[in-house]
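Engineer: Supplied in structure tokens, the structure appears directly below.
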Amino acid sequence: MDIEEFRNFGKAAVDYIADYFETIRDRPVLPNVEPGYLKDLIPDEAPQEGEPWQDVLKDVDRIIMPGLTHWHSPNFHAFYPTANSFPAIVGEMLSAGFGCIGLSWIASPAYTELEVVMMNWLGKLLGLPEEFLNCSDGPGGGVIQGSASEVTFIGLLAAKEKKVAELKAQNCPLTDAEIKGKLVAYSSDQSNSSVEKSGLLGSMPMRLLPADEHGILRGSVLLEAIRKDKEKGLIPCYVVANLGTTPTCAFDNLEKFGPICQKEGLWLHVDAAYAGAAFACPEYRHLNKGVEYADSFNFNPHKWMLVNFDCSAMWVKNAKYLVEAFNVERLYLKDQHKGLAPEYRHWQIALGRRFRALKLWFVLRMYGVEGIQKHIRHQISLAKYFEDLVCSDSRFEVCSSSMGLVCFRLKGIDALTQRLLKIVGEKKSIYCIAGNHNHKYCIRFAICSRLTEKEDVEFAWKEFKSAAHEVFAMEKTYNIIDEKTEKKIHDIHITSPICEILHEKTK
Ligand SMILES: *Cc1c(COP(=O)(O)O)cnc(C)c1O
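Mapping of the sequence shown onto the numbering used here: position 397 corresponds to residue 1040, and the numbering continues sequentially without gaps.
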């Protein structure tokens, strides 16, 4: 492909993306394909000779598009948002165009230096304490990682090395390996699966302590768990606090965790992957109170702050602990800029680094602080609107509502809500997933797409209402049939799972 062809191909691809966004509202949010659909549509081997880009782009439309789940459809309400914006898309394009690997400062000075400044901009936007920022006089700083999962794991590794060094300095008679074998980590049973995984990967048992009925891990529960482990001769090391849990967006209290971690010498990591973006709005910063106790703090601009995946912001109070844990110098990596700019390769797992700061810069400049605040506030207001709609119908109940996430259910046994979600899921016009609140089955309704508006929320609500109608219609049929012959009950028994459960219950 020569430069002229690239110009045409690139422009056609941008047009294709623009057309996609123009039509995304009309596409069913979930694809209508079966597993294995794609292999029948493409050859078994790569083509012998290169093909024209026009043919390839056509095949994107024919083969790829039907298999996409439209995360940016206004009817996508599953999981949490994944960010997408035009400035970030173009930022990604340019980053691919430059195609450098930022493995050291000299490998592309702009990579490191823009990232340093962007992490300061972002930290100030969230109102983080100065000591976390690259621009502070102290040893703190910010870095962009690929995902919150990675950050939780990196925090654990740093906490582990710090604890070993600390105990060795106190003349602990155990070997490094013996100390490492005794370390324990803590989080709540509401934490993201990646928190449990970080414990597995880092060979540190992760105690998933029971949260209270609001999804919050109480300081007293944490303290008791630490006490028990110490009694057993184990060494408490790492705590992951959740600001915005994955199931219900609940907030642990850092002011409770902080003093405990400080007293017991535990590394406190804050996982604010989704909800951290809300701290851009001063009215939500009270939920971040006590952040000054944290050793590391993380949120994902790639979730709720309009920066395309991947972009996960991590700040540490003392970067020394990362650098000491991860520094493996080689001659080919030596350069003369020590101290003037961070060598971010020592702050992460991989050697190579993408230019993620570029898309972040584009988003922050083109939206501005006000644009970002407007986005967050608008999405929260849409969730509130949905909550009001649910509350207006006496068949439903709201289990929790926080930020852009509403968890709700049909009153009564779980089977009703399971059936409701199944009916809505089969129609594929909106996409939601199940959740769990206080051991009850519920539906998680998240405002995800930046294209979602009031009418889309009303549309989703209509879908739930009409599905509820179907759920209760089935229940009625069953009740009538119940008074008739055994045979008829058996018919219903097979065709309608809800009746099966009701039947079980009445037996
Ligand atoms: C989404 C989420 C994660 C995982 O984020 P990744 O960047 O995909 O690893 C972790 N913790 C919480 C609270 C989340 O909401």
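Each residue gets a CB set at the ideal place from its N, CA and C atoms; glycine is no exception.
#1: Return the CA-CA distance between residue 987 and residue 1034, expressed in angstroms with no decimal places.
#2: With residue 855 and residue 884 assumed to form a contact (beta carbons below 8 Å), what rounded beta-carbon distance in angstroms separates them?
#3: From residue 702 to residue 788, what distance separates their C-alpha atoms?
#4: Can you tell me which of the three DSSP states residue 1007 falls into?
#5: Look at the alpha carbon of residue 762 and the alpha carbon of residue 949, and state the distance between them as a whole number of angstroms.
#6: Select from 735, 759, 733 the residue whose C-alpha is nearest the C-alpha of residue 984.
#7: List the residues that DSSP assigns as beta-bridge partners of residue 1151.
#8: Is residue 1166 close to ligand 1? I mean its beta-carbon at under 6 Å from any heavy atom of the ligand.
#9: Indicate the three-state DSSP secondary structure (helix, strand or coil) for residue 782 in the structure shown.
#10: In the DSSP assignment, the beta strand (DSSP E) including residue 894 goes from what residue to what residue?
#11: With a cut-off of 8 Å on the beta carbons, I'd call residue 732 and residue 660 a contact; round off their distance for me.
#12: Mind checking residue 1052: buried by the 16 CB within 10 Å criterion, or exposed?
#13: Taking only the alpha-carbon atoms, compute the straight-line gap between residue 1080 and residue 770 and give it to the nearest angstrom.
#14: Flag this pair as yes or no: are the beta carbons of residue 880 and residue 806 separated by less than 7 Å?
#15: Taking only runs of the beta strand (DSSP E) that begin and end inside the region 1034–1096, which ones reach a length of at least 3 residues, in chain order?
#16: Given this structure, state the Cα-to-Cα distance separating residue 934 from residue 774, to the nearest angstrom.
#17: Would you give the residue range spanned by the beta strand (DSSP E) that residue 956 belongs to?
#18: Using a threshold of 6 Å, is the CB atom of residue 1024 nearer than that to any non-hydrogen atom of ligand 2?
#19: Could you compute how far the alpha carbon of residue 665 sits from the alpha carbon of residue 1025?
#20: Just to confirm, are residue 1000 and residue 757 a CB contact at a threshold of 7 Å?
#21: Between the alpha carbons of residue 1003 and residue 734, how many angstroms are there, rounded?
#22: Is the number of C-beta pairs between the region 706–716 and the region 671–679 that are closer than 8 Å three or more?
#23: On a Cα-Cα basis, can you pick out the residue from 823, 784, 845 that is closest to residue 792?
#24: Between the region 989–998 and the region 951–969, do three or more beta carbon pairs fall short of 8 Å?
#25: The beta strand (DSSP E) spanning residue 914 covers which residue range?
#26: According to the Cβ coordinates, are residue 1021 and residue 726 closer than 7 Å?
#27: Closest by CA to residue 1028, which one among 1097, 870, 970?
#28: Is the region 855–865 close to the region 1054–1063, with three or more CB pairs under 8 Å?
#29: Taking C-alpha atoms, which residue in 651, 1093, 875 lies nearest to residue 695?
#30: With a CB to CB cut of under 8 Å and the five nearest residues on each side skipped, what residues in its chain are close to residue 925?
#31: Tell me the start and end of each unbroken alpha helix (DSSP H) in the region 700–750 that is at least 4 residues and wholly inside, in chain order.
#32: Measure the beta-carbon distance from residue 1012 to residue 768 and round it to whole angstroms, keeping in mind my assumption that it falls under 8 Å.
#33: Applying the 10 Å Cβ sphere with the 16-neighbour rule, what's the burial state of residue 814?
#34: Quick one, are the C-beta atoms of residue 937 and residue 909 less than 7 Å apart?
#35: Express the C-alpha separation of residue 1006 and residue 980 in angstroms, rounding to a whole number.
#36: Leaving out five residues on either side along the sequence, give the residues of the same chain with a beta carbon under 6 Å from the beta carbon of residue 776.
Structural biologist: According to the data block:
#1: 49 Å
#2: The Cβ separation is near 14 Å, so there is no contact.
#3: 33 Å
#4: helix
#5: 16 Å
#6: 759
#7: Not covered by the structure: residue 1151. The range shown for the chain is 644 to 1150.
#8: The displayed coordinates of the chain run from 644 to 1150. Any statement about residue 1166 would go beyond what the structure contains.
#9: coil
#10: That residue, residue 894, is in no beta strand (DSSP E); it is neither H nor E in DSSP.
#11: 7 Å
#12: buried
#13: 31 Å
#14: yes
#15: 1039–1045, 1048–1053, 1076–1080, 1083–1089
#16: 11 Å
#17: 955–959
#18: This structure lacks ligand 2; its bound ligands are ligand 1.
#19: 22 Å
#20: yes
#21: 8 Å
#22: yes
#23: 845
#24: yes
#25: 910–914
#26: no
#27: 1097
#28: no
#29: 651
#30: 770
#31: 729–741
#32: 6 Å
#33: exposed
#34: no
#35: Bear in mind that the predicted position of residue 980 carries a pLDDT of just 49, short of 50, making it unreliable; the figure below should be weighed with that in mind. Approximately 29 Å between the Cα atoms of the pair.
#36: 763, 766
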